[in-house]
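Okay, so here's the structure we're looking at.
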Amino acid sequence: MQTTVEYLNVYKDEGFAIEAFKKFRLKKGVVCKKCGSTHHYWLKSKQQFQCKDCKFRTTIRSGTVLEGSKLPISYFFITLHLLLKKGNTLTVDELQVNTNHKYYEPLWDFLRKVKEYIRKNEQDPILITYLEVLNESSIPKAS
């Protein structure tokens, strides 16, 4: 079982976070904005999904809480983990310490978006599974 520090160190690796987020996207389903198809494949060279039907490309962030954000994808997992462990008591200052991000404002907006995502998707099977894994693990509750 991983401790919170070990977990955060794993997800600070952007390459690992991208692969994990790609799996997250595939599990949720990628829908082409142009033709509505759900058949896609991953273009490793472009780090995008490409529609098998019309060849339209979709970024890994498109249609997610990360859309429009320039923050690293690793921040999503770090923020999600801390929010699910601490609840709504996570502050931007704590997030800033855990991500080593220099600026407050982008993290403030990002934290707000992730909190909203969790609130809207409480019954999402992916979040439920994630919570079950956290509850079964020996990761100590952050205080």
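Residue numbers (the working numbering): 172 to 314. Built from N, CA and C at the ideal position, the CB exists for glycine as well. Source: prediction; values computed, not measured.
Cβ distance (whole Å) where residue i is taken to contact residue j below 8 Å
{"i": "T229", "j": "F220", "result": "5 Å"}
{"i": "V263", "j": "L278", "result": "5 Å"}
{"i": "E288", "j": "T270", "result": "Contrary to the premise, residue 288 reads as Tyr rather than Glu in this sequence. Between T270 and Y288 the Cβ distance is about 17 Å, and since that is not below 8 Å, they are no contact."}
{"i": "I317", "j": "Y182", "result": "Coverage of the chain is limited to positions 172 through 314, which leaves residue 317 absent and any answer about it impossible."}
{"i": "V236", "j": "K284", "result": "5 Å"}
Where residue i sits in the DSSP three-state scheme
{"i": "F227", "result": "coil"}
{"i": "R196", "result": "helix"}
{"i": "G186", "result": "helix"}
{"i": "V201", "result": "coil"}
{"i": "N180", "result": "helix"}
{"i": "T260", "result": "helix"}
{"i": "D242", "result": "According to the sequence displayed, residue 242 carries Leu and not Asp. Here L242 sits in coil by DSSP."}
{"i": "L298", "result": "helix"}
Limits of the unbroken alpha helix (DSSP H) element including residue i
{"i": "H252", "result": "245-257"}
{"i": "D280", "result": "275-291"}
Residue span of the beta strand (DSSP E) that contains residue i, given as start and end
{"i": "L214", "result": "211-214"}
{"i": "Q267", "result": "Counting along the chain, Q267 falls outside any beta strand (DSSP E), though it belongs to the alpha helix (DSSP H) covering 263-270."}
{"i": "C222", "result": "219-222"}
Beta-carbon spacing of residue i, residue j below 8 Å
{"i": "F281", "j": "L242", "result": "yes"}
{"i": "C225", "j": "K194", "result": "no"}
{"i": "N259", "j": "K291", "result": "no"}
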